[in-house]
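Participant: First to last, the protein sequences are chains Z and S.
Its first residue numbered 1, the first sequence is counted upward by one per residue in the working numbering.
Its first residue numbered 176, the second sequence is counted upward by one per residue in the working numbering.
Please see the structure below; I have some questions.
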Amino acid sequence: MSNKSMGLEERKEVPFQGTEQQREELLGFIHGHAGQKGCLMPVMQKAQEIYGYLPQEVQKLIADEMGIPMEKIYGVATFYSQFHLAPKGKYQVSVCLGTACYVKGAGNIYNKFSELLGIGEGECTSDGMFSLDACRCVGACGLAPVAMVNGDVYGRLTVDDVRGILDKYMKDGED
Amino acid sequence: MFRCHVLLCGGTGCTSAGSREIKKCLEKELKERGLDKEIAVVKTGCFGMCSVGPIMMVYPDQVLYCTVQPEDVPEIVEEHLLKGRPVKRLIYDENMAGGGIRTLEDTEFYRKQMRVALRNCGIINPENIEEYIARDGYEALGRVLTEMTPDEVIQVILDSGLRGRGGAGFPTGLKWKFASGRRGEVQKYVCCNADEGDPGAFMDRSVLEGDPHVVLEAMAIAGYAIGASQGYIYVRAEYPIAVQRLQIAIGQAREYGLLGKDIFSSGFDFDIELRLGAGAFVCGEETALMTSIEGNRGEPRPRPPFPAVKGLFESPTILNNVETYANIPQIILNGPEWFASIGTEKSKGTKVFALGGKIRNTGLVEIPMGTTLRTVVEEIGGGIPGGKKFKAAQTGGPSGGCIPAEHFDIPIDYDNLISIGSMMGSGGMIIMDEDTCMVDIAKFFLEFTVDESCGKCTPCRIGTKRMLEILEKITEGEGTEEDLAELEELAYYIKDNALCGLGQTAPNPVLSTLRYFRDEYVAHVRDKKCPAHVCRNLLEYKISADKCRGCTLCMRGCPVQAIQGKAKEPHVIDPQKCIKCGACLATCRFGAIYME
Ligand SMILES: Cc1cc2nc3c(=O)[nH]c(=O)nc-3n(C[C@H](O)[C@H](O)[C@H](O)COP(=O)(O)O)c2cc1C
Ligand code: SF4
Ligand code: SF4
Ligand code: FES
């Protein structure tokens, strides 16, 4: 359940970059559902759809508009695994730290990603492009060490490969 | 009029296998040849044969194509649709057995099945209410509202013997009866449990995707029976196609006046709202589900009070499973005697199972209650692939247990399954063969429950964690016989003391594997062996000196340089270094590497 990843997500500090337009959209939804019984979850789901995650600022907005205490909203957000308190990147990097990869130096690979991106486990870069996770065995031990970016698998990695991989996605992001 | 209908499966399985692309190609191809006025393309729900998707069915010829690729489309159009010569290489295998093409109903896969809940799945376009109406849709609701009293409706459901399909098997009519008091005086609710969380099960998803109106119609019938005017469907957010079809269906039903005010001019009002889950298994439990709809953390609460007395928003509420609802209109139309004539003495009707694991035909099957496991595995499922031996079937997912080979001929119904230590569950059925380690399976399910325990009560939160630790110890080769005793003791303690069904049933996979496969547990703790060769720590990878040709392939693939040897001479694995990743086993071309 989400409680586990929570601590990590909480550490994360990405400056909130909500726009006036997003705010309007959420307020519109809240007012459209005013008085409807039990509409907190639909509102939070809508908010996550609009912002991609549920930062403090958005939780506060919901709390104020709906007259619901913050801790209730926080409680609901942390109970369900589909609510994120920190943004996920457009490209989600996960480095396998399973046994085979680990002994092949996956720890160094992971550290290199972390260093280049400037983020830690479960965090997201401030431009929203990359997030970083460590994962368990992906079943490609023969290719160890292995990392994945949104489902693309990269095997037999060396520390020197890391920059090349990131560059590839950064370029994709530009066009 | 179209001379021919091409049905394309739009279920989740086939959609992820690419059926949308096939539909586009097909429509384009037909248009280019000017056939689009003669041949209709219809997107349907799941056929139940998801493992060989995308599925395409051509009527009136009843030819079933499987694993259709975009490249195949021109050939199908040219050869079959234009010239009338079915493309043999794409026809579903069994469909072709014995030379001639057999109709779908004649295949082994379908012949032993009986479709009640799934009757429209794969047959109608779920996004078109008129197709549902053409198959007697909303007729049951019309009859109920214009010809029957609410009590008569409840009596029919009671007489049919229908029991809940969501797991526990509680008589549906009785549930409705408990909630039927003080009609018209108090606000009441009708809820539908579409939170299907059992890993590996997708019966409800297929009904929602393939025949969403049946659920709406049945909920309205239930609303009339207990005197409720509002319904909620709580559906997993992980089912986007189902959510979308439900939204379309609700919109169409409102447009046709089949939901809303004064339905069939009977003065009865009923409307339905969708609520999306957010990824918490425990929300499938009835009180947790209602707490979640209310907008709270989805934690269960003690019962009584039962939902029939105090449920959603403190009002009398009934909650039924999707498949339970899917049976209701048919019971009204065909009569309770018809329904009660199917099945066994205490389990009436049919049950849908999601058949998976080590079996040839994985997919969705609907069988009359009382069908034997043997029929399901050998006839419908086509047996176990690779000439392996059947070991057990697991039903009920993380709350259930396994049915070993010694009960292969037991008729499947609620009470029989309970008596042998398993349960019907919501319908997941995983077939396991000799290569499955029962300790490992128990561990798998326990990992799931530990992850999903909501943490509200201690026996479940801490107890299941302790059980998992013991199982981990055993599979890692550190277990002792005392651990087995402790495992059992904990299991019974949690069963008796957890607050909700999740915790109360969490020990079942362990208890049932201990009951039938104790020797496997003993082999793990006493001999430090995993008889099925699954638990890595209890295995050793070895190279047979006779078979090894010294090709060096494995040596190069080993991530930790555990393999030594000169070219053209037998290689050896250093057990001290080997991390048992299995890479060498997969690379060796001479079958020289084995596990012990
Ligand atoms: C942990 C847990 C999970 C459950 N998950 C589901 C589910 O996914 N779908 C479902 O229909 N019932 C589920 N149930 C059973 C429901 O609590 C309830 O009994 C059922 O929805 C009632 O409908 P029925 O009488 O039509 O079966 C679950 C129960 C427990 C304890
Ligand atoms: S049994 Fe488990 S899931 Fe159920 S209330 Fe207790 S902790 Fe929560
Ligand atoms: S199992 Fe993996 S680690 Fe062991 S010898 Fe084979 S390749 Fe090497
Ligand atoms: S999803 Fe197409 S047959 Fe099941």
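Think of the CB as a built atom: it goes at the ideal place given N, C-alpha and C, for glycine as much as any other residue.
These numbers come from a predicted model, not from an experiment.
1) For the alpha helix (DSSP H) holding E772 of chain S, just list the boundary residues, first then last.
2) Express the C-alpha separation of S516 of chain S and I593 of chain S in angstroms, rounding to a whole number.
3) Three-state secondary structure (DSSP) at G120 of chain Z?
4) From which residue to which residue does the alpha helix (DSSP H) around E25 of chain Z run?
5) Going along the chain, which residues of the segment 73-100 of chain Z sit with their C-beta nearer than 7 angstroms to a C-beta in chain S?
6) To test your reading of the DSSP string, which unbroken alpha helix (DSSP H) runs of 4 or more residues are found completely within the segment 53-105 of chain Z?
7) V625 of chain S and K640 of chain S - do their beta-carbons sit closer together than 7 angstroms?
8) Quick check on the DSSP output: the alpha helix (DSSP H) that includes Y407 of chain S runs from which residue to which?
9) Using 6 angstroms as the cut-off, classify the Cβ of S440 of chain S as near or not near the heavy atoms of ligand 1, replying yes or no.
10) Of all the options S:E715, S:F623 and S:Q505, which has the alpha carbon lying nearest to the alpha carbon of A292 of chain S?
11) Helix, strand or coil for Q288 of chain S per DSSP?
12) Mind the definition here: the segment 351-358 of chain S touches the segment 482-498 of chain S only if three or more C-beta pairs lie below 8 angstroms; say whether that holds.
13) Can you name the residues of chain A whose CB is closer than 8 angstroms to the CB of G757 of chain S?
14) Consider the Cβ of V365 of chain S: report whether some Cβ of chain Z lies at a distance smaller than 7 angstroms.
15) Short of 7 angstroms in beta carbon distance, which residues of its chain neighbour A47 of chain Z, apart from the five on each side in sequence? Order them along the chain.
16) Would you say L61 of chain Z faces chain S, with C-beta separation under 7 angstroms as the test?
17) Would you say K168 of chain Z reaches chain S, if we count a Cβ-Cβ gap shorter than 7 angstroms as a contact?
18) Got a sec, what are the start and stop residues for the beta strand (DSSP E) A125 of chain S sits in?
19) Output yes or no for whether 7 angstroms exceeds the beta carbon distance between G402 of chain S and R338 of chain S.
20) Going by alpha carbons, who is nearest to Q569 of chain S out of S:P586, S:G531, S:K563 and S:T547?
21) Would you report the Cα separation of S597 of chain S and K212 of chain S, rounded to the nearest angstrom?
22) Determine the direct distance from the alpha carbon of Q288 of chain S to that of K523 of chain S, and round the result to whole angstroms.
23) So, does the CB of K37 of chain Z fall closer than 7 angstroms to a CB anywhere in chain S?
24) What's the gap between the Cα of E115 of chain Z and the Cα of P15 of chain Z?
25) For E302 of chain S and A424 of chain S, what's the separation of their Cα atoms in angstroms?
26) Given that V103 of chain Z touches chain S, what residues does it touch there, using C-beta distances under 8 angstroms?
27) Kindly say whether G470 of chain S, judged by its beta-carbon, lies nearer than 7 angstroms to any beta-carbon of chain Z.
28) Hey, could you find the ends of the alpha helix (DSSP H) R195 of chain S is sitting in?
29) Answer yes or no: do P229 of chain S and S194 of chain S have a C-beta to C-beta separation smaller than 7 angstroms?
30) Can S522 of chain S be considered in contact with ligand 1, in the sense that its beta carbon sits closer than 6 angstroms to one or more heavy atoms?
31) Taking 6 angstroms as the cut-off, is the CB of N368 of chain S close to at least one heavy atom of ligand 5?
32) Quick one, which of S:E627, S:T546, S:L421 and S:E322 has its alpha-carbon nearest M599 of chain S's?
33) Can you grab the Cα-Cα spacing for the pair E9 of chain Z / V93 of chain Z, in whole Å?
34) What residue range is occupied by the uninterrupted alpha helix (DSSP H) comprising F620 of chain S?
35) Taking 7 angstroms as the CB-CB cut-off, is F445 of chain S touching chain Z?
36) Give the C-beta separation of L143 of chain Z and F130 of chain Z to the nearest angstrom, bearing in mind that I take them to be a contact with Cβ-Cβ under 8 angstroms.
Facilitator: From the atom records:
1) No answer is possible for residue 772 of chain S: the residues shown for chain S start at 176 and end at 771.
2) 22 angstroms
3) coil
4) E20 to G32
5) Cβ contacts with chain S come from G75, V76, F79, Y80, S81, Q82, F83, T99 and A100.
6) When DSSP assignments are scanned along the segment 53-105 of chain Z, the uninterrupted stretches of alpha helix (DSSP H) that are 4 or more residues long and fall wholly within it turn out to be 56-66, 70-79 and 99-103.
7) yes
8) Residue range Q405 to V410 is occupied by the beta strand (DSSP E) that includes Y407 of chain S, with no alpha helix (DSSP H) assigned at that position.
9) Taking non-hydrogen atoms of ligand 1 into account, the C-beta of S440 of chain S is found less than 6 angstroms away from none of them.
10) S:Q505
11) coil
12) yes
13) Annotation note: the requested chain A is absent from the structure, which comprises protein chains Z and S.
14) no
15) So the list reads L26, L54, V58 and I62, once near-sequence residues are dropped.
16) no
17) no
18) This structure leaves residue 125 of chain S out entirely; chain S is present only between 176 and 771.
19) no
20) Selected option, being the one with the closest Cα: S:G531.
21) 53 angstroms
22) 15 angstroms
23) yes
24) Between E115 of chain Z and P15 of chain Z, the C-alpha separation is close to 20 angstroms.
25) 7 angstroms
26) Annotation: Cβ neighbours of V103 of chain Z in chain S (cutoff 8 angstroms, chain order): P734, V735 and I754.
27) yes
28) Taken as a continuous stretch (DSSP letters only), the alpha helix (DSSP H) holding R195 of chain S covers S194 to E207.
29) yes
30) no
31) What this structure holds is ligand 1, ligand 2, ligand 3 and ligand 4, not ligand 5.
32) S:T546
33) Below a pLDDT of 50, predicted positions are generally treated as unreliable, and E9 of chain Z, at 43, falls in that range; no measurement from the model is reported.
34) M613 to E627
35) Taking Cβ atoms only, chain Z never reaches closer than 7 angstroms to F445 of chain S, which makes this a no.
36) Not confirmed; about 22 angstroms, so no contact.
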